[in-house]
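What follows is a single structure, written as structure tokens, with notes after it.
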């Protein structure tokens, strides 16, 4: 159990051995007392983490500052459990280590929470509940400059492929959609070539809690494409953070992940994967498709 969870606030969650919720970059005092504190959470495979995953947080930060009454007090990457069993999913230890190296060495405010990664599969709704519990129930939220406690809003950050799956009948349970979009909300980063209008229309009852951000500089780098490059022995430097490249080379990761693809077949495979890639933010979709609740 998280050592910060007291007997007054018994946790409804299970915890991996020696787990501690990371707070070393969590802002504990609001700068502007008129703002509502906000924590962003990105759930996904991160196999491996790319610059787009990290860039999503920066785009969201700009959007929040310019268009909302929120103040971001923290950002978290939450790698999915090995039990997700997605093709190309490296074991959780490597994925958490790569995310940690990327966050710690390229950002001043992002953190990696390993809670989801090192246990059985957890639905996205439950992951958000976990963050809400750790930040608001256990720690009492954050303080205003005058010392008052303020609850923190938790919000999901994801690529537009997630909202597309949410609009497909039968992929997500209605209960989880209402929990994620109704209680927490989501910030969606538009991915290259995606048309989100129809998807958002389908989810219109939660439209007030869906924030769509258009990419001003298009970036379609995905973990799927990075893995294809690595299998073909091609360089991925400047596609993913340098410490992640170093980690992959140190441990020889992804090189033996299936047969080597030719240039043409690799490009075709990448395009086919574009529409169904859940590397960013779609950790709940596949399991909920199969009926998990």
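Numbering (full-length UniProt numbering), first residue to last: 1 to 293.
Note that the Cβ used here is the ideal one computed from N, Cα and C, for glycine as well.
None of these values were measured; they are calculated from a predicted model.
In the DSSP annotation of this structure, the continuous segment of the alpha helix (DSSP H) that includes residue 53 starts and ends at 51–67.
Secondary structure note for residue 130: it is in no beta strand (DSSP E), and the uninterrupted alpha helix (DSSP H) holding it is 124–132. Residue 72 and residue 102 have their C-alpha atoms roughly 20 Å apart. Judged by beta-carbon spacing, residue 110 lies beyond the 7 Å limit of residue 159, meaning their Cβ atoms are not closer than that value. Boundaries of the alpha helix (DSSP H) around residue 164: 160–166. Residue 238 holds the alpha-carbon nearest to the alpha-carbon of residue 52 among 238, 254, 37, 205.
Comparing C-alpha distances from residue 176 to each of 190, 206, 196, 197 shows the shortest one belongs to 206. Shown here for residue 91: same chain residues with a beta carbon closer than 7 Å to its own, the five before and five after excluded, namely 82 in chain order. DSSP places residue 118 outside both helix and strand once states are collapsed to three, so it counts as coil. For the pair residue 200 and residue 163, the Cα-to-Cα distance works out to about 7 Å. In this model, residue 240 and residue 95 are separated by some 13 Å (Cα to Cα). Listed in chain order, the non-local C-beta contacts of residue 146 below 8 Å within the same chain comprise 33, local neighbours out to five positions each way being set aside. Residue range 92–106 is occupied by the alpha helix (DSSP H) that includes residue 104. In the DSSP assignment, residue 248 falls within the unbroken alpha helix (DSSP H) covering 242–251. With a 10 Å radius around the Cβ and a threshold of 16 neighbouring Cβ atoms, residue 254 comes out buried.
About 14 Å separates the beta carbons of residue 226 and residue 87, which is beyond the 8 Å limit, so they are not a contact pair.
Residue 59 holds the alpha-carbon nearest to the alpha-carbon of residue 190 among 28, 59, 131, 14.
If you look at residue 198, you'll find it in the alpha helix (DSSP H) that goes 197–202.
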